[in-house]
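Below: one structure, written as structure tokens.
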Amino acid sequence: MSTLRPLHDRVIVKRLEEERVSAGGIVIPDSATEKPTRGKVVAAGTGLILSDGKVRPMSLKAGDTVLFGKYAGQEIKIDGEDLVFLKEDDIVAVLEG
């Protein structure tokens, strides 16, 4: 994959596939599933530039597993891979453990 370096408070996330089997064991077809709202951070910028010119460092780093809004971000395709381009504010949580 090409080297990506998002600017400022932006991150690039690769969606993680959701479970395709219901709690009752029923396999859910692709056409009935929603876009995953969970992903892994591929690259992160350096941080938000504040009004006084200082930079607030990012709280995310490459490799973090995150949750984000269903309709958040911009879908992009780089080297055949589907990625989501988000602002740090679009990330709602980091999954740990």
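Residues 1 to 97, numbered by UniProt numbering, are exactly what the sequence shown covers, in order.
The beta-carbon is built from N, C-alpha and C at its ideal position, and this holds for glycine as well.
Local Cβ density within 10 Å of residue i, reported as buried at 16 or more and exposed below that
i: G63; result: exposed
i: D89; result: exposed
i: R56; result: exposed
i: G45; result: buried
i: L95; result: exposed
i: R5; result: exposed
i: V92; result: exposed
i: L86; result: buried
Integer-rounded CB distance, given that residue j should sit under 8 Å from residue i
i: K14; j: K40; result: 5 Å
i: R38; j: L83; result: Actually they do not touch by this definition, with Cβ atoms about 14 Å apart.
Among the options, nearest to residue i - alpha-carbon criterion
i: H8; options: E81, G47 and E75; result: G47
i: S59; options: G69, G73, A43 and T37; result: A43
Beta-bridge partners of residue i, as assigned by DSSP
i: A72; result: Per DSSP, none; premise fails for A72.
Simplified DSSP assignment, three categories, for residue i
i: D82; result: strand
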